[in-house]
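Each remark here refers to the structure printed beneath this line.
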Amino acid sequence: MYKSMKRVMAALSVSAALWMGTPSVYAMPDIMPLQDVAEGMQGVLYTVVDSSGELRSFPLHVLGVMSSGRGSMPYILARSEGPFADTDGGLLQGMSGSPVYVDGLLIGAASATVSDMDPHTFLITPIEEMLPIWDMPDKKNKTRVKTIDIKKAAEERAKIEKEMAEKDKKKAEKEAEKNKEEKKDDKKSDKDEAEKPKEEKTDSKTDAGGEAKGKAYGSKADTEKKYPSAGKEPEFKGSFVASGFGAEGLSMLREKLASVGYKAESYGGFSTGNATTLYGAELEPGEAVGAAVIYGDFAMAATGTVTAVDDNRVLAFGHPFLHRGNVNYFMTDATILGMVNGVSDGMKFANTKHIIGRIIQDRAAGISGEIGVFPSVVPIRLNVKDKTLNRDVKYTATMAYDEDFIPLLSPTVSYAALNRTVDTGGESTVEVHFTVRTNAVESGTVERTNMFYAAADAGQAAFGELGQAMGLICSDKEKEADIMDITVDISSAAERRTASLVSAIPDRPEVRPGDTVNFKVTLKPYRAEKVTVSVPFTVPKVQREGIMHLDVHGGGLVSVEQLLAAMQGQGVVSADDNDVTTEDQLKNLMESPANNEIIIEPGAGPVMSEKEQQKAIKEAIRAQEEAEKNPDAAKEEQKPPVGRKLTDYVIDNVIHAMVTVSKDAPEPEKEPVEFKLDDILKKVMPKNEAKADAKADAKSDVKNETKADAKAEAKDEAKANAKAEAKDEAKSDAKADVKNEAKAADAAEKAPEAAKENAGAAEKKE
């Protein structure tokens, strides 16, 4: 009667949900405490086994409860019966998490078989051990990176609602059918059912105690644990089903996962390139649920079965996925393709369809997650160009933000993308440029370009620096960095683009400390004519006089001096090294020499005499004293001098060069001579033209200046002449005036006398 009432209530709840136009909500069913579970009890396991999506029930009986003492997790040991035992191969991979009911009460989740033993005898994880997972703290998913884009939600909502309405309608029809069958079944007593468990049909559509209802999406081959014996750990901590990686990519993925205790299989299950986000999704007990760390053109996941649902919270698997505690993974649904049985094992095949939520806990007793809540993600875009086949292919994938898997997956999917495009593992030259947008550096971007060659499978080494960069970002001791996205541009050609260094000759025999000398470096590319380039090298200001020995090599090769330093233990981490920030390390990676660069740096010279050693010691002591006085300048001077020049070839050897350092060396030319005729002409011709133009401009300027000077001089002369003439005229006028004035004065003085004379003359005349 109890079971019948629950079934009726379940059917009513579905009908009410349809009538109200809202999605049905599943509540946590009643449970049976472990202390009440006893040997001989008859139970039912519910799961989906084929593409019909129908829940199927399988009878079982309890053999007993296993416990290894305090601190260990107890298990219920059970054995399947009836057609399940006769034809279906027992508990298969993909069934883990399937709910098990006794008298309508949930007792736990089918979780594992016993290694190398009959799969019809299996372990059940008690539900009491699983329930606490829901209440464990969640400290993940706290980065400022946006979660999955929900822009398409509005566009897809109408379609989703229609699909859900049809789905709920089908559920209601199935529930009605179940109720009809249940009425027939209720005529039989519970006692008869217990006495004849093997007569229960394997295609029964009854629900799990009235709680596990409707259609199931199914599952993919999961990480089913095999327990060799009590107290022994499995060989791997967990496993994935991988898709899209190809043979070479899968091989690399397996190698990298094995190094951290996991394994990867490929059954073609997880859908590639078409995974979409489904909003408003539902899961029911008995349906399949997946946990994925990456999806898209490359996918990696595992699936099992839902054990219990409480609103949007989900419990599943009955065993760990990777046993990594609080996690940040994708929750998916799936479609069952079918089951395959083996001699001692079998599995479900499935295609994962949608991202529906987030896996939050990954614990010993199972996994838990929440529907409708999505994890922080890191998109990765890969642009692969094959110059030989003239292919240009773009790939995309989305990784859940997990600081352990991002450094592992980034280079692996890049390698897989390369191999899927070039379709060869033979000789090739690969150029890689990656860009990581992150707040781990002040600039907001980590970029690196390098070239690689290998006689077979160059991609094996081509993406190591990408993994190194992501490892630095994800292991920052100061903060959890935000990673917005990763873009990897890959160019490949099925040819050997390498070159060997032939000679390196300085443009002058003697240089002074601090001078820049240009080396004429000759390259011999593989099966091509020699090429000459100029590589500048600046002599340190503190370089002692004498012959300076130099190593000239490719950026991917280590110099002799570096090897000797390593052998002498000079690479030991110091206290100062511990203060190096993540940004400093990323900067060093970005600025490190590329394989297609020519590098000139100080090399190891001949063994010094005792006198030379004493002199070197004195100079070192003096340099140390100066460094203490001016530490900033000393730090700058301590940077190793390096000359660098990019080429189109991977440089594959080391040669040696030398230059004489003398304080009395002549001053360097202001404009170093280039060695290529074309380069010389390009530089000289513009200079000659500039000189001619400058000469013409100078003539014009001189002419104009001369005219101006002549005008000024003429003007000055005219002014001077005018002044002189005016002065002479003034003098002449002044003289005339003085003379006239003198005459007038004389006349005035003589006038009275003349008057007297005239008067006397008149008197005489009279």
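Count along the sequence shown from 1, then add 20; that gives the number in the working numbering. No residue lacks a Cβ here, since even glycine has one placed at the ideal position from N, Cα and C.
> Where does Arg383 sit, in a helix, a strand or coil, going by DSSP?
Replying inline: Strand at Arg383.
> Using the rule of at least 16 other Cβ atoms within 10 Å of the residue's Cβ for burial, across every protein chain shown, is Glu220 buried or exposed?
Replying inline: With a pLDDT of 36 at Glu220, under the threshold of 50, the modelled position of this residue cannot be trusted, and the question is left open.
>> Does the contact criterion of 3 or more C-beta pairs under 8 Å hold for the region 307-318 versus the region 408-426?
In response: Output reads yes: the region 408-426 touches the region 307-318.
>> According to DSSP, is Val562 part of a helix, a strand, or is it coil?
In response: The answer is coil: DSSP assigns Val562 none of H, G, I, E or B.
> Taking the alpha-carbon positions, what's the Lys635 to Ser629 distance?
Replying inline: Looking at the two C-alpha atoms, the distance is approximately 10 Å.
> DSSP three-state call for Ser87: helix, strand or coil?
Replying inline: DSSP places Ser87 in the coil class of the three-state scheme, outside both helix and strand.
> With a Cβ-Cβ cutoff of 8 Å, do Ile153 and Arg378 count as a contact?
Replying inline: No. Outside cutoff.
> Roughly how many angstroms lie between the CA atoms of Gly576 and Arg468, to the nearest whole one?
Replying inline: Roughly 14 Å separates the two Cα atoms.
> Opposite Gly128 in the DSSP bridges: which residues?
Replying inline: Paired residue(s): Val120 and Pro146.
> Mapping DSSP to helix, strand and coil, what is Lys544?
Replying inline: Lys544 falls in the strand class under three-state DSSP.
> What residues match up with Pro556 in a beta bridge as DSSP calls it?
Replying inline: Note: Pro556 sits in a beta bridge opposite Asn538.
> With distances taken between CB atoms, is the gap from Val452 to Asp406 smaller than 8 Å?
Replying inline: Going by beta carbons, Val452 and Asp406 fall outside the 8 Å limit.
> Nearest to Ser100 by alpha carbon, out of Gly63, Glu307 and Asp672?
Replying inline: Residue Gly63 holds the alpha-carbon nearest to the alpha-carbon of Ser100 among Gly63, Glu307 and Asp672.
> Lys533: which of Thr444, Gly566, Met61 and Ala482 sits nearest, CA to CA?
Replying inline: According to the sequence shown, residue 533 is Pro rather than Lys. Selected option, being the one with the closest Cα: Gly566.
> Can you tell me whether DSSP reads Met471 as helix, strand or coil?
Replying inline: Here Met471 sits in strand by DSSP.
>> Using a 10 Å radius around the Cβ and a threshold of 16 neighbouring Cβ atoms, would you call Val334 buried or exposed?
In response: The residue is buried, with at least 16 neighbouring Cβ atoms inside 10 Å.
> Cα-Cα, which of Lys683, Ile637, Ala524 and Glu645 is closest to Ile620?
Replying inline: For the residues Lys683, Ile637, Ala524 and Glu645, the minimum Cα distance to Ile620 belongs to Ala524.
>> Please tell me whether Pro119 and Leu125 are closer than 8 Å, where the distance is taken between their beta carbons.
In response: Not closer than 8 Å, so no.
> Do you know offhand how far Ala301's Cα is from Ile426's?
Replying inline: C-alpha of Ala301 to C-alpha of Ile426: approximately 27 Å in a straight line.
> With respect to the beta strand (DSSP E) encompassing Gly324, which residues constitute its N-terminal and C-terminal limits?
Replying inline: Its beta strand (DSSP E) spans residues Ala319 to Asp330.
>> Just to confirm the assignment, what range does the beta strand (DSSP E) spanning Gln62 have?
In response: Where Gln62 is concerned, the enclosing beta strand (DSSP E) stretches over Gln62 to Val68.
> Does the beta-carbon of Met156 have 16 or more other beta-carbons within 10 angstroms, so that it is buried, or is it exposed?
Replying inline: The residue is exposed, with fewer than 16 neighbouring Cβ atoms inside 10 Å.
>> Per DSSP, what are the beta-bridge partners of Ser388 in this structure?
In response: As DSSP reads the structure, Ser388 sits in a beta bridge with Leu335 and Gln381.
> Are Ala311 and Ser286 close, meaning C-beta to C-beta below 8 Å?
Replying inline: Contact flag unset, no.
> Are Glu148 and Leu54 touching if we call contact CB-CB under 8 Å?
Replying inline: Judged by their CB atoms, Glu148 and Leu54 are nearer to each other than the 8 Å cut-off.
>> Report the CB separation of Thr67 from Thr325 in whole angstroms; it is logged as a contact under 8 Å.
In response: Your pair Thr67 and Thr325 checks out as a contact, with CB atoms roughly 5 Å apart and the cut at 8 Å.
>> Using only the alpha-carbon positions, how far apart do Ala730 and Ala756 sit?
In response: The alpha-carbon atoms of Ala730 and Ala756 are separated by roughly 38 Å.
>> Assuming Val11 and Asp527 are in contact, meaning their beta carbons sit under 8 Å apart, how far apart are those beta carbons, in whole angstroms?
In response: Look at the range of the chain in this structure, 21 to 786, and you will see that residue 11 is not part of it.
> Pick from Val559, Glu733, Asn724 and Glu74: whose alpha carbon is nearest that of Val662?
Replying inline: Answer by Cα proximity: Val559.
> Can you list, in chain order, the residues of its chain whose CB lies under 8 Å from that of Glu515, leaving out five sequence neighbours each side?
Replying inline: Contacts found: Thr408, Glu447, Ser448 and Thr449.
>> Could you check whether Ile510 and Leu402 sit closer than 8 Å to each other, using their CB atoms as the reference points?
In response: Yes, Cβ-Cβ distance for Leu402 and Ile510 is below 8 Å.
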